[in-house]
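Residue numbers (full-length UniProt numbering): 1 to 160. Glycine included, each C-beta is placed from N, C-alpha and C at the ideal position. In this text, all values refer to a predicted model and were calculated from it rather than measured experimentally.
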Amino acid sequence: MSISKSLVLNEIKKFSPSHIIIGYSGGVDSSVLLNISKELDIPLIAIYINHNLHRDSLKWQIHCQQTCQKYNLQFISHSLDKVPKGESFEAWASKQRMAFFQKIMQQYSKPLLLLGHHQDDQAETFLIQAIRGSGLAGLAGIPHYKELHHGGVLRPLLKL
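Right under this line is the structure:
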């Protein structure tokens, strides 16, 4: 087992979750989390959020669903509506995703949401916030762990 894989598994185990929920896009980062997490003896739910922005969105959703079927994992998909006029898509979509994740998380006693953010995402977030003139809170970047109303969200790849 690789050191990175061990670090991610140990990080997840520290929280003793009843269920693992993964924000699963089908991309490399969330696929790595899915493949690592399925080795744990903890129920795993993969959630695909369809932003309906790209013509291949449905193909990605089907790919994610088929991957989960292959591994006998629970799969949930959710489609976002169109962004309201005058709203920032990124901010609106982020709120919509988190609201849906939390809706699913409320069904379990001690869920842990895993997201595939990594150091490149952290650097990108910092630069965007700096360009926007964000204060110190915005420049703090993406948190590694955050407690939610029900459960928590962990980004284990941020530490790799």
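What's the C-alpha gap between residue i and residue j?
i, j, result
"Ile104", "Ile45", "9 Å"
"Phe15", "Leu112", "8 Å"
"Ser25", "Cys64", "7 Å"
"Asp41", "Val32", "17 Å"
"Leu127", "His150", "With a pLDDT of 48 at Leu127, under the threshold of 50, the predicted position of this residue should be treated as unreliable, though the coordinate-derived value follows. Whole-angstrom Cα-Cα distance: 31 Å."
"Asp56", "Leu80", "15 Å"
"Ile20", "Phe100", "15 Å"
"Glu87", "Leu53", "15 Å"
"Gln102", "Ser2", "32 Å"
"Val8", "Glu147", "18 Å"
"Lys85", "His78", "21 Å"
"Tyr145", "Lys159", "11 Å"
"Pro143", "Asp29", "17 Å"
By alpha-carbon positions, which one of the options ends up nearest to residue i?
i, options, result
"Ile49", "Ile76, Tyr145 and Lys110", "Ile76"
"Lys82", "Arg55, Gln74 and Trp92", "Trp92"
"Cys68", "Asn35, Met98 and Tyr145", "Asn35"
"Gln61", "Met98, Ser37 and Gly23", "Gly23"
"Lys95", "His51, Leu73, Lys59 and Gln107", "His51"
What are the start and end residues of the beta strand (DSSP E) that includes residue i?
i, result
"Asn50", "Leu44 to Asn50"
"Leu154", "Gly152 to Leu154"
"Glu39", "Where Glu39 is concerned, there is no enclosing beta strand (DSSP E), given that its DSSP letter is neither H nor E."
Quick check: is any heavy atom of the ligand COA less than 7 Å from the C-beta of residue i?
i, result
"Gln96", "This structure does not include the ligand COA; it has no bound ligands of any sort."
Using a 10 Å radius around the Cβ and a threshold of 16 neighbouring Cβ atoms, would you call residue i buried or exposed?
i, result
"Gln66", "exposed"
"Arg155", "buried"
"Glu90", "exposed"
"Leu139", "In this prediction, Leu139 has a pLDDT of 47, which is less than 50 and means its spatial position is unreliable; what the coordinates show is noted afterwards. Leu139 comes out exposed."
"Glu11", "buried"
"Gly27", "exposed"
"Pro17", "buried"
"Ala123", "In this prediction, Ala123 has a pLDDT of 46, which is less than 50 and means its spatial position is unreliable; nothing more can be read from the coordinates."
Start and end of the alpha helix (DSSP H) containing residue i?
i, result
"Lys70", "Ser57 to Lys70"
* Asked: Where are the alpha helix (DSSP H) runs, 4 residues long or more, that stay fully inside the region 72–115, in chain order?
  -> Look at the region 72–115 and you find these whole runs of alpha helix (DSSP H), each 4 residues long or longer: 89–105.
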